[in-house]
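To start, the structure under review is shown below, and the notes come after it.
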Amino acid sequence: MTDVGYVVAGWGITVVVLAGYYARIVVRTRRASKSSEQR
Amino acid sequence: MSQGSRDHDVREARLLGPRVSTGIGWGALVALFLLGLFGLWGAPPDEVQGDAQRLMYVHVPTAWLAYLAFFVTAIASALYLWPRTRARVWDRLAGVSAELGVIFTGLTLVLGSIWGRAVWGVWWAWDARLVTTAVLFFLYLGYLALRRTSEDPSVGAKRNAIAALIAFIDVPIVHFSVEWWRTLHQQATVFNPRLSAEISGVMAWTLWLSVLAFTLLYVFLLDRRYRLAALEDDLDDRELDRAIAARVADAQPAGMASS
C-alpha cells in the first residue's frame, strides 16, 4: 500500500467510527424519547 | 420522587443548554472540515515520512482526547466518592466519558498501527508506548463492563468510581512511557519535558486545529451521550417503580385493594 493509501485508510476509519457512534446516539435517543412519551 | 419532578429532572438532565450544544456541534463540524482541507492538502508532507505523516493530524488528537476523557472520568468519579458532592450526575458523567475515552483509545491504537506500518514497516511492536496504551484500552473496557454488572446502583457506582480512579494510574504511565523507557515510538512533539514544541509553521497550527476540532467534537458527543444516558436511566427507574407497585398491589389482600 502507498503512503496515500495508509492516510486514506486512517482518516476514513476515524470518520466512519465517529460518525457511526454519533448516528447510534441519535437513533437510541429517538427510541428512548419515544418510549418515555408513551409511558 | 413524583412523576412531575422526574419529568422535569429528565428535561434538565443535560450538560449543556440546547443552543450551546448545537453551537459546539457546528463549531466541531467546521473545524473538522478545515482540518480535512489542511491536514490532507494544505500542510506540506514531512521531509522524512512524506504523506504518511498526515496521519499525525488524527492520531495525536485522538490520543489527547483519550487522556482528556479519562481525566474527566477520574474527576467525576472522585466527586462521586466524596460524600459532600455525591450525586448521580457524576457517576453518569464518568460512564459516558469513559465510553468516549475507549473509542478514542481504540482509534489511537488503530491509527498508530497504520502509521507504524507505513513508517516502521510493522503493524505492531512490543514497545512501551504501544503496550501501555493497549493496557489502557482494556482497563477501561473492563471498567465499562463492570458498570453493566451492578445490581444495587449506589454500591455499584461507588465500586465503579474506585475502579475508574485505579485505571487512571495508567494514563501518566502511557504519557511518560516514551521518556522512561527507550522506545520505538517517538518522544512527545509538544508536551515534552522541555515544553518546547518540535513542530512549527503550517504543520504546527494544523496540529493545533486538529486538537481543537476533536476537543469540540468530544464536548458535543459527551453532551449528547449524557442526555441519552439520562433518558435510559429514567426509563429503567420507571420500569422499577412499576414493578414495585405491581408487587405491592399483589401482596395486598383482595379486600384492602378494593376498599
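Line by line, the protein sequences give chains A and B. Every letter in the first sequence is one number past the one before it in the working numbering, and letter 39, counting from 1, is 717. Every letter in the second sequence is one number past the one before it in the working numbering, and letter 118, counting from 1, is 120. Cβ coordinates follow ideal geometry from the N, Cα and C atoms, glycine included. Note that the structure is predicted; figures quoted are calculated from it, not measured.
Using a beta-carbon distance below 9 Å, is residue i in contact with chain B?
i: alanine 687 of chain A; result: yes
i: alanine 710 of chain A; result: yes
i: isoleucine 703 of chain A; result: yes
Grab me the residues of residue i's own chain with a C-beta within less than 8 Å of its C-beta, minus the 5 sequence neighbours each way, in chain order.
i: tyrosine 228 of chain B; result: Ala15, Arg16, Leu17, Arg94, Leu95 and Val98
i: alanine 127 of chain B; result: Gly118 and Leu186
Does the beta carbon of residue i come closer than 9 Å to any beta carbon on chain A?
i: isoleucine 77 of chain B; result: no
i: histidine 187 of chain B; result: no
i: isoleucine 105 of chain B; result: yes
i: valine 60 of chain B; result: yes
i: alanine 247 of chain B; result: no
i: glycine 6 of chain B; result: Confidence at glycine 6 of chain B is low in this model, with a pLDDT of 49, below 50, so its placement is unreliable and the value that follows should be read with caution. So, not an interface residue.
i: alanine 120 of chain B; result: yes
i: glutamate 234 of chain B; result: yes
i: glycine 158 of chain B; result: no
i: glycine 2 of chain B; result: No answer is possible for residue 2 of chain B: the residues shown for chain B start at 3 and end at 261.
i: threonine 191 of chain B; result: no
i: leucine 70 of chain B; result: no
i: leucine 18 of chain B; result: no
i: threonine 64 of chain B; result: yes
State the CB to CB distance for the pair residue i and residue j, rounded to an integer number of angstroms; the pair is presumed to be in contact (CB under 8 Å).
i: leucine 141 of chain B; j: alanine 169 of chain B; result: 4 Å
i: tyrosine 145 of chain B; j: alanine 100 of chain B; result: 6 Å
i: tyrosine 684 of chain A; j: alanine 166 of chain B; result: That pair is no contact at about 34 Å.
For residue i, return the contacting residues in chain A, with the cut-off set at a CB-CB distance below 8 Å.
i: glycine 52 of chain B; result: Asp681
i: tryptophan 117 of chain B; result: Tyr684 and Gly688
i: leucine 113 of chain B; result: Gly688, Ile691 and Thr692
i: leucine 67 of chain B; result: Neighbours of leucine 67 of chain B on chain A: none; closest Cβ ~10 Å, over 8 Å.
Which residues in chain B sit within 9 Å of residue i, going by Cβ to Cβ distance?
i: valine 694 of chain A; result: In chain order: nothing, as chain B lies at least about 10 Å away.
Mind pulling the chain A residues with CB within less than 7 Å of residue i?
i: arginine 56 of chain B; result: Val685
i: leucine 138 of chain B; result: Per Cβ cutoff of 7 Å: no residues; leucine 138 of chain B is ~17 Å from chain A at best.
List, in order along the chain, the chain A residues whose C-beta lies closer than 9 Å to that of residue i?
i: leucine 167 of chain B; result: By Cβ distance, chain A contributes nothing, its closest Cβ being about 25 Å from leucine 167 of chain B, past 9 Å.
Residues in the same chain with beta-carbon distance under 7 Å from residue i, minus the five sequence neighbours each way, listed in chain order, please.
i: phenylalanine 222 of chain B; result: Ser23, Ile26, Gly27 and Ala30
i: threonine 719 of chain A; result: Coverage of chain A is limited to positions 679 through 717, which leaves residue 719 of chain A absent and any answer about it impossible.
i: alanine 33 of chain B; result: Leu211, Leu214, Ala215 and Leu218
The ligand HEM and residue i: does any heavy atom of the ligand fall closer than 8 Å to the residue's C-beta?
i: valine 694 of chain A; result: As for the ligand HEM, it is missing from this structure, which has no ligand bound.
request  = Give, in chain order, every residue of the stretch 77-93 of chain B whose Cβ lies closer than 7 Å to some Cβ of chain A.
outcome  = none
query = Which residues, taken in chain order from the stretch 205-238 of chain B, show a beta carbon closer than 8 Å to some beta carbon of chain A?
reply = Leu219, Leu223, Arg226, Arg227, Arg229, Leu230, Leu233, Glu234, Asp236 and Leu237
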